[in-house]
Amino acid sequence: MTHPWIPMTETEKREMLTFLHLQDTTQLYRDVPEDVQLQRPLSLPPALSEAEASRLFRQHAAANLNTLQASCFLGAGAYDHFVPAICDWVTSRGEFLTAYTPYQAEASQGVLTAIFEYQSMIATLCGCAIANASMYDGASACAEALLLAVAHTGRAKVLVSQALHPHYLQTLRTYLAGQSIEVETLPQQKDGRTSMQALQQQISEDVAAVCLAQPNFYGAIETIAPFAQAAHQAGALFVTTAYPIALGLLQPPGEAGADVVVGEGQPLGCHLNWGGPYVGFFAAQQPFLRRLPGRIVGETQDGQGRRGYVLTMQTREQHIRRERATSNICTNETLLTLANAAYLAWMGPQGLRRVAELSLQKAHYTARQLVAAGFHLPYEAPFFNEFVVDLRCPAAPVVEKLAERGILAGVPLSTFDPQRTTQLLIAVTEQRTRSEIDTLVEGLKEVCLQ
Amino acid sequence: MTHPWIPMTETEKREMLTFLHLQDTTQLYRDVPEDVQLQRPLSLPPALSEAEASRLFRQHAAANLNTLQASCFLGAGAYDHFVPAICDWVTSRGEFLTAYTPYQAEASQGVLTAIFEYQSMIATLCGCAIANASMYDGASACAEALLLAVAHTGRAKVLVSQALHPHYLQTLRTYLAGQSIEVETLPQQKDGRTSMQALQQQISEDVAAVCLAQPNFYGAIETIAPFAQAAHQAGALFVTTAYPIALGLLQPPGEAGADVVVGEGQPLGCHLNWGGPYVGFFAAQQPFLRRLPGRIVGETQDGQGRRGYVLTMQTREQHIRRERATSNICTNETLLTLANAAYLAWMGPQGLRRVAELSLQKAHYTARQLVAAGFHLPYEAPFFNEFVVDLRCPAAPVVEKLAERGILAGVPLSTFDPQRTTQLLIAVTEQRTRSEIDTLVEGLKEVCLQ
Amino acid sequence: MKSTEAQVGVADPLQDASTVLLFEESRPGRIGFSLPTDDVEEQPLDALLPGVALRSQPPALPELSEGQIVRHFTKLAHANYSVDEGFYPLGSCTMKYNPKIDDALASLDGFTALHPLQPLSTVSGTLAVCEALQRALAEISGMDCVSLHPAAGAHGELGGLLVIRAYHEAREPGQRTEVLIPNTAHGTNPASAAMAGYRVVEVPTDIQGNIDLGALKQLVGPQTAALMLTNPNTLGLFEQQITEVTACLHDVGALVYYDGANMNAILGVARPREMGFDVVHLNLHKTFATPHGGGGPGAGALGVRDFLVPYLPGEWVERDGEEYRLTHGEASIGRLRAFFGNVANLIRALVYIRCMGAEGLRHAAETAVLNANYLLAHVRELFSPAYDRSCMHEFVVSASVLKQRGIKAIDVAKRLLDYGFYAPTIYFPLNVPEALMVEPTETESKATLDAFADALRAIVQEAQTYPQVLREAPHRTPVGRLDEVTAARHPKLVFTSSDYAR
Amino acid sequence: MKSTEAQVGVADPLQDASTVLLFEESRPGRIGFSLPTDDVEEQPLDALLPGVALRSQPPALPELSEGQIVRHFTKLAHANYSVDEGFYPLGSCTMKYNPKIDDALASLDGFTALHPLQPLSTVSGTLAVCEALQRALAEISGMDCVSLHPAAGAHGELGGLLVIRAYHEAREPGQRTEVLIPNTAHGTNPASAAMAGYRVVEVPTDIQGNIDLGALKQLVGPQTAALMLTNPNTLGLFEQQITEVTACLHDVGALVYYDGANMNAILGVARPREMGFDVVHLNLHKTFATPHGGGGPGAGALGVRDFLVPYLPGEWVERDGEEYRLTHGEASIGRLRAFFGNVANLIRALVYIRCMGAEGLRHAAETAVLNANYLLAHVRELFSPAYDRSCMHEFVVSASVLKQRGIKAIDVAKRLLDYGFYAPTIYFPLNVPEALMVEPTETESKATLDAFADALRAIVQEAQTYPQVLREAPHRTPVGRLDEVTAARHPKLVFTSSDYAR
Ligand SMILES: Cc1ncc(COP(=O)(O)O)c(C=O)c1O
Ligand SMILES: Cc1ncc(COP(=O)(O)O)c(C=O)c1O
């Protein structure tokens, strides 16, 4: 057979088989025991031509309600910030897109230089000394940060805020389960923040790490410095997840005492993509350099003194250190770090601040309008661009109803916690217009308050 | 002000002004007489951010009914053949997309090599010795071919088939009007073809060119060799337009005696784009080498004997020959020649034949079904993938009605000729499925025959 | 990948590897295509095409897998300089940054997958875009109506001159046979005039670099159909007596054509209308940032004063409340091409204009002019400016100062390639010997301008010390200086099957 | 642009120009962003964020125009080798052609602009894609249920091992503490096992290159949780006694994990299920042609036999007539990440599978294996094959024959870059000294394989005549051989504001 993605011709095949003294390709599989060989063709739908595939997948795409058609007020760990065209442009360049991990640095200076720039940007954003070249996503990055703390302290318990993203909590439990590390949660206060009082009670000399989210899952901005202090006093590390857009305005956790700052890089120029690929960032202070998981790029020189970049400190990694590696991560999310780097360069310090301000202002406008419309916000702590509203009626059906009108109204918290039936988590980005917000508020009023 | 597409900072601006001993930028315009200076800002809608533009233009795009949503049976000079992803990939490469005409050959080998390959492919497709590096579109290419014939023969009259695309006829009249060249048409026979008999009567020693379309506008495949012979006997050139996909099957006009073969390159991997940009191809026999309009790329060597490509025979062109140039064309449609080259390489000889066969078979199936449904096809000459059907009721409203159901049923010939009220021109490409065709026939039956 | 070292003791493994052509990689029987299977009953060809002459052998197209084609074009791309890679100071071409968002939006299915003849009711989004662009360009140029029909500048010129011709013919048939064109004009101007059937009369340039008003007055007359003018002109200078110039034409009943190639200098500062022009083309692929595609597609919008509207070529969009419709002039000169226009570029241009806004456009113009003057101030000590005035968005200098070292403009141009820059336009305008025409545009940074000035300085230095290096330049490109003379004398324009044999 | 000549008599103008970092091009006050104006009444920050600690100074991000960023990344792209440019014989990585249509379809707004938590009723298209992919991968691997949750192979490994752990813990709590892993295994296998809390026990390789069955039998026992195996193994050899191997594990109540990195060799030929595997991960970024992105994103689908379904991580799609819904295992090990999976790559993988079909996939496998054997037959005379058997889709040879000339595997690798190829995987597997691991894949042409063999031949020749050239290679890359030792000893991982000063 011939296939457009396989250049070998029938003539060449015969030539090559002859060269190998073979009759046909099945002989190549003589090492595969007969009883293991599949005696039938795979049962798959018939092959499509490119034109047919193109039409079919366009139909699939059109069957979805996308956030460019609808007004999206969903957050909860993934945010509808604008993705500048330059980010798609960067990630679709074949030289980046179709390269492997840069094992041969001299032929891979493009991606290595870009990662170095990415690391630098993430570090300054988080207020940390260093950063790695990406993790799978924010949740797994958080789990790996806790594993770092466990390895560093030799302790086997972590204290994690109950107000972390529920998926992050689940992920870190999965990751930590293997090594039988105890996960204890810190309760949420009435105002939405994590209880500092609880920390003081729960912290002890066997705690490896204290972990908060900034802002937390329910939108509340944590006062993190005291947590950092308390953790450090007990010899534990202090880890935060951070929403990178918020860091355009908020104090970088690294400056407030965080040892490791992780988070989800999706808001920095990556499409929502129904959940992936996303990219976890991982920044840390200098002492944890040799405990970092994942790839790290460093600067060096060639024989003529020309600057160049390489994968470095590889003795931490699985291909060298194997079962004693800092992590098993191999393929990571490099391409998205290029989108992050392009995004952050495009924004610059002014733009990042502005996108944060716009999100903040519009979210607070939304909250004010909701309150004016008679809705109640259960938490009083300051919030950035995301907050909980109590609809006083089950949120999930409301969301379904508004979706039919092209409004993705928020995330019903019942998704994560059946007790929170009437609570809706709303996020607002710079992309929402006042009129979209007003329509949301009207819609909620209409569906809930009548 | 600052703008993301303008890198100059306020500080740099001041530095530069100081360097120039100027106070402000308005002084740069001291040569512009005061009364000519605009005393108000341009009246344009307020500037949009990228995010806002992105949303607005997506709304515009969504307001259209596109041929990936609808079943498209429209032809008449622009065809809904499949555009392989590789064509978009080639034309979106920044190195090609954002380059200028390759005046400095050594830094522009990419596009020059590609054009050389394109010229080679067009020449073999048309059965000609040479081809140029593109014209604006098929219609203007046809006009320029006639101008070539006029210049070559020194005669001032052309005989053009009445069955040429009406837009081509209009275009060549516009082009030829300037130089007061007489355009006489050859009538269409009852079977759909151009009348050979008429040619014999109308041809004379003052005719510069005879021009046919292959297939002609009404779908009929012309028997072109006798026309070529008759033209040559009278010392005229023979020019054809050709539908490049059909050339996968049909005899190349160059082999049947055409001196110049022109046509629309859109079907070869270019999007329909509501009419443009398209790309005219222009192939000719060797004797017309120095009369070709437009850019031409030729092979040469550097000082070390390495092969390379350059714009050549520039003494034909406007920037050297000025008012005595073979044409005024300067910027042409180079990027689309790359799409054409990628398309033809992707297809190869087998694929091009196959896409022609599929279009042929599906068109004839459509015709059979229409006849079976009781419709009449006015022309009896063989056709390729396009034909006229008489709906026996006004075609334009039928087309409007079917468009509402997502069927773009064809081109009502009343668009071009008010006499042809009930005629519909239908084109079928490899993209149409049997079920789409059946739905079209059903739809036409329902709307017309009841 | 770039090479930085060649002395490796053994032959450089890729030294002699010139680009392999698609044809040379072809192998019989290989395929790259994938096509739907036929779902209708296939009939024999001779039943469907009785008596039709078919191909006796397949076209000699290459046979490659898709991946091989991708590699081929990737390698070609790497051998092509572009604005995306670096500074492109090509005078008269306005090689500014082409915003990525313009491409992204013009590539939406909802724009690209539209047949030009589908019912207008199904393309209201595109009609809205075209109408808005027409309005914006009318405002920018001051013209009363704009047709988006022409595919490029020269296409617009032809259309515009035919409009002028139709106008005069309707009034004074056969009277006006001449078009006046300055000797500095771009080649398309006389070529278009000739295609439109006019005799071209050249107008000299005065010592200020303006059109020679005295000479012009001698040349105009009842036989004059029009003057074609670029302003700023192709010397990068604003015609200081522009209103006198246009009045001089109007006084004899002739019209004035504005070649808008240099409009980038004066966006929002001055408009052709107030200067007295009657017909204007705008190169959207210059001033309005649509990418040039290595030689096109462009788009050459054509605007005219009200009395010329009946003659406009092609169709334009008219808005009627919420409805859009196509319209055309009652006495239209006709079509210049089959369909509406280069729509994908029209979309790009409107995105650009909408994202710039009025203030942004003026800022672009002022910055372009500032950049050019700044660069000229650096370059003026190296090469003699053609005319010693402050320039608009570009300037022309002469490399003849290097003549005594045997160095020509082309040598400077080729050597610039080694420095990582594209070359300026050379040998144009024709009235300046050894012309180098430099246009930095507003999208270049001061750092780039400084680096370019440094490179020119270094090259002038090299001209003194190692002139041979310049004469043999370029040295860092995929091929060395190519022999254009042989290419033109013994043209090899296609790869043929006999080449396969080699 | 490539250089082909450097002796130009004067200093090469770009000789010392290494890449300028974005930070180094930054100028205060320049912007690249454009953001909507605020249409709500802005409130003072301290009113909205009372008592909240704000940034005291802006992050040290670079300040650039959009066009400058485009140029920067264009230049970086030109300094990056990729499958789109040439042969990438990186063993174990399956660097095949990544079809452009996959990227085009995965990039449609309708797929990319979907929030992971929007109502399922609004994402039925994506659910349909995921469900179809699950089914296809289940069929290809023979597993009963597939979760598309893991982001990469190693992520799947961790998930799979935790599944195994959960399964054993439910039956025999605390009993099974060891995972057996061949000494040829990829580093992620032991690393994943350790993360899952297992003790890693290494299994030797026999002289045929198979897992040492005798040794294995000694090592298994009631403490054994699982064996992790790649088949074909990382020597490119099919485990000839695979059914005995898996039976040996099952006999002691242990499970067998299939590392699917090498699945490309046996698509449609043999399936992990029939070999006796219980858990499988498939690297979609290898076998199923999703591009590797310079280091990800990948996707590591995880399939299991029916009795393990309750433990699967994440969620998967179930079809119920026309409806799709998400489901998860009753005793799921939980999430390995926040959301469903690397969806954009899942779309690409399904497009690939749909365009290949069953026959196409098998053809791909057979061609990959034929290509590898063909290349091995050429290379065998130059380097010693690690095991002298016919190989599957890749092979491992040793460069130790060049040791007496002081040449190591890395020198061969670096010199290959000069010949326009990427290098094979080197120094892996660990049991082969100076290993070169070569995987040509099915998307390379015979001509490319021949050229690669020629290059290796030339390099072996150079090792005899000019060994220094190899030791100092590469010579044709943007930078020469980089000092990795210093990089690791004195890590400089970020550009800091003090660098600005320099
Ligand atoms: C001054 C001038 N006029 C006219 C043209 C012709 O425009 P186009 O190439 O778009 O046909 C150009 C293009 O370079 C030009 O610079
Ligand atoms: C044999 C083998 N196993 C596992 C992996 C890890 O897969 P990933 O990089 O997708 O995490 C690889 C990747 O190179 C591999 O080659």
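Residue numbers (this note's numbering), protein chains in the order written: chain S, 1 to 450; chain P, 1 to 450; chain F, 1 to 502; chain Y, 1 to 502.
The beta-carbon is built from N, C-alpha and C at its ideal position, and this holds for glycine as well.
Note that this is a predicted model, so its numbers are computed, not measured.
Inset, instruction - Evaluate the contact criterion for the stretch 354 to 374 of chain S versus the stretch 28 to 45 of chain Y: three or more CB pairs, one atom per stretch, below 8 angstroms. - result: With contact defined as three or more Cβ pairs closer than 8 angstroms, the stretch 354 to 374 of chain S and the stretch 28 to 45 of chain Y are in contact.
Inset, instruction - Taking the CB atoms as reference points, tell me whether P:LEU424 and P:LEU391 lie closer together than 7 angstroms. - result: A contact, by the Cβ cut-off of 7 angstroms.
Legend entry - Euclidean distance between Cα positions of Y:SER26 and S:ALA341: If you take the alpha carbons of Y:SER26 and S:ALA341, they lie about 14 angstroms apart.
Inset, instruction - Identify the contact partners of Y:GLY86 in chain F, using a Cβ-Cβ distance below 7 angstroms as the criterion. - result: Going along chain F in sequence order, the residues near Y:GLY86 (Cβ under 7 angstroms) are ARG71.
Inset, instruction - Compare the C-beta of P:THR2 against all C-beta atoms of chain Y and say whether one is closer than 7 angstroms. - result: For P:THR2, the answer is yes, since a Cβ of chain Y falls inside 7 angstroms of its Cβ.
Legend entry - Near ligand 2: S:GLY77 beta-carbon under 6 angstroms from a heavy atom: No - ligand 2 has no heavy atom lying nearer than 6 angstroms to the Cβ of S:GLY77.
Inset, instruction - Would you kindly work out how many angstroms separate the C-alpha atoms of Y:PHE339 and F:VAL494, rounded to a whole number? - result: Using only the alpha carbons, I get a separation of about 55 angstroms.
Legend entry - Spatial neighbours of F:MET1 in its chain, beta-carbon cut-off 7 angstroms, leaving aside the 5 residues before and after: In this predicted model, F:MET1 has a pLDDT of only 33, less than 50, meaning its place in the structure is not dependable enough to derive any value.
Inset, instruction - Using a Cβ cut-off of 7 angstroms (strictly closer), state whether Y:TYR311 contacts chain B. - result: No chain B is present in this structure, whose protein chains are S, P, F and Y.
Legend entry - Spatial distance of S:ASP438 from Y:VAL129 (CA atoms): Y:VAL129 has its alpha-carbon roughly 35 angstroms from the corresponding atom of S:ASP438.
Inset, instruction - Please list, in chain order, all residues with a C-beta atom less than 6 angstroms from at least one heavy atom of ligand 4. - result: With respect to ligand 4, the structure shown offers nothing to examine, as its ligands consist of ligand 1 and ligand 2.
Inset, instruction - Please list the partners that F:ILE101 has in chain S, where partner means a Cβ-to-Cβ separation under 9 angstroms. - result: PRO84, ALA85 and ILE86, listed in chain order.
Legend entry - Secondary structure of Y:GLN218, DSSP reduced to three states: In this structure, Y:GLN218 counts as helix in the three-state DSSP scheme.
Inset, instruction - State the DSSP-derived secondary structure class of Y:VAL123, mapped to helix, strand or coil. - result: Look at Y:VAL123 here: in three-state DSSP terms it is coil, with no helix or strand label.
Inset, instruction - Look at the alpha carbon of P:GLU52 and the alpha carbon of Y:VAL351, and state the distance between them as a whole number of angstroms. - result: Approximately 32 angstroms between the Cα atoms of the pair.
Legend entry - In DSSP terms, what F:LEU482 is bridged to: Beta-bridge pairing links F:LEU482 to P:ASP302.
Inset, instruction - Give me the Cβ distance between Y:THR441 and Y:LYS96, rounded to the nearest whole Å; I'm assuming they're in contact under 8 angstroms. - result: Beta-carbon to beta-carbon, Y:THR441 and Y:LYS96 are separated by about 4 angstroms, close enough to satisfy the 8 angstroms threshold.
Legend entry - Below-7 angstroms beta-carbon distance, P:GLU323 vs any chain F residue: Put simply, the CB of P:GLU323 is near chain F, with a gap under 7 angstroms to one of its CB atoms.
Legend entry - When S:ALA78, S:PRO187, S:ASP24 and S:PHE96 are compared against S:HIS167, the one with the closest alpha-carbon: Answer by Cα proximity: S:ALA78.
Inset, instruction - Measure the C-alpha to C-alpha separation of S:LEU68 and P:ARG55 and round it to an integer number of angstroms. - result: Rounded to the nearest angstrom, the gap between the Cα atoms of S:LEU68 and P:ARG55 is 7 angstroms.
Inset, instruction - Output the boundary residues of the alpha helix (DSSP H) element that contains Y:HIS363. - result: Residues 343 to 379.
Inset, instruction - If I'm right that S:ASN64 touches Y:SER124 with Cβ under 8 angstroms, what's the distance once you round it to whole angstroms? - result: About 7 angstroms separates the beta carbon of S:ASN64 from that of Y:SER124, a gap short enough to meet the 8 angstroms contact definition.
Inset, instruction - Would you mind stating whether Y:SER445 and S:PRO7 have Cβ atoms separated by less than 7 angstroms? - result: Yes, the Cβ-Cβ distance between Y:SER445 and S:PRO7 is below 7 angstroms.
Inset, instruction - Tell me, please, which residues DSSP counts as bridged to Y:ARG319. - result: Looking at the DSSP assignment, Y:ARG319 forms a beta bridge with Y:TYR324.
Inset, instruction - Examine chain S for any beta-carbon lying closer than 7 angstroms to the beta-carbon of Y:THR112, and answer yes or no. - result: Taking 7 angstroms as the CB threshold, Y:THR112 lines the interface with chain S.
Inset, instruction - Could you tell me whether any Cβ in chain P is nearer than 7 angstroms to the Cβ of Y:PRO119? - result: Using a CB distance cut-off of 7 angstroms, Y:PRO119 does not count as an interface residue toward chain P.
Inset, instruction - Kindly indicate if chain S contains any beta-carbon less than 7 angstroms away from that of Y:GLY125. - result: Cβ-Cβ to chain S under 7 angstroms: yes for Y:GLY125.
Inset, instruction - Identify whether Y:TYR427 lies in helix, strand or coil by the three-state DSSP scheme. - result: Under the three-state reduction of DSSP output, Y:TYR427 falls in the coil class, being neither helix nor strand.
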